[in-house]
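In our numbering, the protein residues as written are 2 to 479. Every residue, glycine too, gets a C-beta built ideally from N, C-alpha and C.
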Amino acid sequence: VTAFSLARGNGSSFTVITPRQGVLSETVRATGQVTSSTDLNLSFGSQGEVRQVLVSVGEKVLKDAILATLDSRSLLASVTQARATLLSAEAKVKQTGEGVLRANVALVNARRDLEATKITHDSLVSSAYHELLNSTPEAFSTDTRDDISVPLISGTYKLGKEGTITLSGYYSSGGSSFRVSGLTTGSGMATTNNPQPLGDSGLYVTFPNTSLIVSDWVISIPNKKASDYLTNLNAYNNAVKARAQAVSKAQSVVDEKVADLSIKRDPTFSADTDLARAEVLGAQGGLESAISKYEDTILRAPANGTITKIDVKYGETTDTNTPAMVLQDLDNLYVEALINESNITSIALDQTVAITIDALGVDKVFAGKVVHVDPASLTTDGVVNYKIKVSLIDKNPLIRPGMNAEITITAYSKENVLSIPRASVSTRDGKSYVNVITNEKRHTFEEREIKTGVTGDGNQIEVVSGLTANDRITLTVK
């Protein structure tokens, strides 16, 4: 809009305004904070001494993965005792029960055999996987020089994860040294006769020559170039296949016993049989209770995500009210923001959003979209707002929960619109009017009726009819 002031003969003045032809849009801006779709504070179900912390900050975990454990020796004893009680009750059922009870015992045994089969074969698969990861470890130099002496790798890898360990050699004030990164971290002095540990991986390194230590070596876990790799891989695949077959066979027996029980079910029982069955049920409940208490000493991941905080350490005592870890889904982040009641009617699901993160600078703009609008309001100090959620379509590893964000939502945008300041329009009897200049030299104007449309940013209002881009209007100033 082009505007300038002219003086009138009666001592007043008015501002000359030229209508604008172009894009008219309305945007809603707000500040918010980056949050995670999964943001969980995890704690143990019982009090005890921490015996294991199996994950580290930044590690991705799957649902039900074991994260940490408490000292559970006494509870394991209770589980064993409860199993013994159940076995005793089942033995009594075998002596007194017939028909349904016999079939019920067979079903209980089949289910126990199924669990035992799973445990046994899980152990075999785990052992085969351990052997696969320990396929003769070797270090491969990233340097193409012929005079590089390849270090000797020994020991037993124990981290249980696939990946690579990078060994970087360098000269230090104390002599030849090396540092370790990747699956584990650490450092040490290069020696030719005393194997040095590679972090906490269980592997050790010995250098045949420390005079040419400046180089990088990569140790792949597992070593697919090892002579025993294919043998170990086949053994692991066979163990996985054998587990599937054994579990399937044991499950078929359970299914058979379930069918047999339904056929043999008899509503009439003797008093002794009823008592024996009650003892079995009571023993089963005792076992389930003991297992439940034992499970309270195990901290499992309730969902897929990334461990972003660990508040417990090995050997310390914790309880149910003490947060142990924080699990967040860093792959699905969104921005939460409050929108004032005057703007909430302009917000709709799936609207595109431009997002800037304060920590990353205003020059980096990320795309997002509105995925949720709270139906209920939040009132603070008399101000009514509505919470919305904006998903981050553009992924960036630098964006983290808790960061402050600025969002800009385009409520609507119209091309080739003739617009004027809303302050230049007067209304009367439901109609809109503007003052159109008739003679700039004499500073005269006339009132003209126009039809208006939507109002956009800068309080600009759309002129639907009654005015052209060549007209000039006034904004009276007294």
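Endpoints, the beta strand (DSSP E) within which residue i is located
{"i": "Asp217", "result": "Asp217 to Ile222"}
{"i": "Gln48", "result": "No beta strand (DSSP E) holds Gln48; DSSP gives it neither H nor E."}
{"i": "Asp40", "result": "Asp40 to Leu43"}
{"i": "Met326", "result": "Met326 to Gln329"}
{"i": "Lys64", "result": "Lys64 -> no beta strand (DSSP E), and no H or E assigned at all."}
{"i": "Ser136", "result": "Where Ser136 is concerned, there is no enclosing beta strand (DSSP E), given that its DSSP letter is neither H nor E."}
{"i": "Gly175", "result": "It is not in any beta strand (DSSP E) - Gly175 carries neither H nor E in the DSSP assignment."}
{"i": "Gln34", "result": "Arg21 to Ser37"}
{"i": "Tyr315", "result": "No beta strand (DSSP E) contains Tyr315, which DSSP labels as neither H nor E."}
{"i": "Glu163", "result": "Element bounds for Glu163: n/a, residue is neither H nor E."}
{"i": "Lys310", "result": "Gly306 to Ile311"}
{"i": "Asn405", "result": "Asn405 to Pro422"}
{"i": "Thr380", "result": "Leu379 to Thr381"}
{"i": "Thr469", "result": "That residue, Thr469, is in no beta strand (DSSP E); it is neither H nor E in DSSP."}
{"i": "Gly203", "result": "Run containing Gly203: none; DSSP gives neither H nor E here."}
Inter-residue Cα distance where the pair is residue i and residue j
{"i": "Phe208", "j": "Gly187", "result": "16 Å"}
{"i": "Asp217", "j": "Val181", "result": "10 Å"}
{"i": "Ile408", "j": "Glu60", "result": "30 Å"}
{"i": "Arg84", "j": "Leu399", "result": "51 Å"}
{"i": "Val2", "j": "Thr453", "result": "Only weak support is given to the placement of Val2: the predicted model assigns it a pLDDT of 47, under 50, and the question is left unresolved by the model."}
{"i": "Phe270", "j": "Glu280", "result": "Interpretation of Phe270 is limited by its pLDDT of 47, a score under 50 that renders its predicted location unreliable; no figure is taken from the coordinates."}
{"i": "Glu163", "j": "Ser38", "result": "28 Å"}
{"i": "Asp430", "j": "Ala355", "result": "41 Å"}
{"i": "Val455", "j": "Tyr434", "result": "16 Å"}
{"i": "Asn195", "j": "Thr232", "result": "31 Å"}
{"i": "Asp312", "j": "Asp330", "result": "18 Å"}
{"i": "Ser178", "j": "Gly362", "result": "40 Å"}
{"i": "Lys314", "j": "Ser75", "result": "21 Å"}
{"i": "Ser420", "j": "Ser26", "result": "11 Å"}
{"i": "Arg9", "j": "Thr445", "result": "Below a pLDDT of 50, predicted positions are generally treated as unreliable, and Arg9, at 47, falls in that range; no measurement from the model is reported."}
{"i": "Gly369", "j": "Ala304", "result": "24 Å"}
{"i": "Tyr295", "j": "Val80", "result": "8 Å"}
{"i": "Leu134", "j": "Thr157", "result": "9 Å"}
{"i": "Val126", "j": "Asn322", "result": "37 Å"}
{"i": "Pro324", "j": "Gln34", "result": "23 Å"}
{"i": "Thr86", "j": "Ala284", "result": "6 Å"}
{"i": "Ile18", "j": "Gly459", "result": "15 Å"}
{"i": "Asn239", "j": "Ser128", "result": "12 Å"}
{"i": "Leu77", "j": "Asn224", "result": "38 Å"}
{"i": "Tyr171", "j": "Ala140", "result": "16 Å"}
{"i": "Glu342", "j": "Thr381", "result": "12 Å"}
{"i": "Ser228", "j": "Ala302", "result": "37 Å"}
{"i": "Ser155", "j": "Val206", "result": "6 Å"}
{"i": "Thr346", "j": "Asn386", "result": "12 Å"}
DSSP state of residue i mapped onto helix, strand, coil
{"i": "Asp123", "result": "helix"}
{"i": "Thr269", "result": "With a pLDDT of only 48 at Thr269, under the threshold of 50, the placement of this residue in the model should not be trusted, and no figure is reported."}
{"i": "Thr118", "result": "helix"}
{"i": "His444", "result": "coil"}
{"i": "Ile394", "result": "coil"}
{"i": "Asn341", "result": "strand"}
{"i": "Gln82", "result": "helix"}
{"i": "Val2", "result": "Annotation note: pLDDT 47 at Val2 (below 50); position unreliable, coordinate value reported separately. Coil at Val2, not helix or strand."}
{"i": "Asn233", "result": "helix"}
{"i": "Glu463", "result": "strand"}
{"i": "Ser253", "result": "helix"}
{"i": "Val371", "result": "strand"}
{"i": "Gly183", "result": "strand"}
{"i": "Tyr295", "result": "helix"}
{"i": "Ser89", "result": "helix"}
{"i": "Tyr434", "result": "strand"}
{"i": "Tyr387", "result": "strand"}
{"i": "Lys242", "result": "helix"}
{"i": "Val58", "result": "coil"}
{"i": "Thr456", "result": "strand"}
{"i": "Leu300", "result": "strand"}
Expected contact under 8 Å - CB spacing of residue i and residue j to nearest Å
{"i": "Tyr230", "j": "Ser136", "result": "4 Å"}
{"i": "Asp261", "j": "Ala104", "result": "5 Å"}
{"i": "Val24", "j": "Ser414", "result": "6 Å"}
{"i": "Ala349", "j": "Val371", "result": "7 Å"}
{"i": "Val56", "j": "Val62", "result": "6 Å"}
{"i": "Ile340", "j": "Met326", "result": "Rounded, the Cβ-Cβ distance is 33 Å, inconsistent with contact."}
{"i": "His122", "j": "Ala243", "result": "7 Å"}
{"i": "Ser221", "j": "Thr165", "result": "5 Å"}
{"i": "Val437", "j": "Glu447", "result": "6 Å"}
Min CB distance residue i to chain C below 8 Å
{"i": "Thr357", "result": "No chain C appears in the structure shown, which is made up of a single protein chain."}
Closer than 7 Å: residue i CB and nearest the ligand FAD heavy atom
{"i": "Lys250", "result": "What this structure holds is no ligand at all, so the ligand FAD is not there to describe."}
I'd like to know if the stretch 168-185 and the stretch 196-204 are in contact, where contact means that at least 3 CB-CB pairs between them fall below 8 Å. yes
Would the stretch 327-340 count as touching the stretch 400-420 if we require 3 or more Cβ pairs under 8 Å? yes
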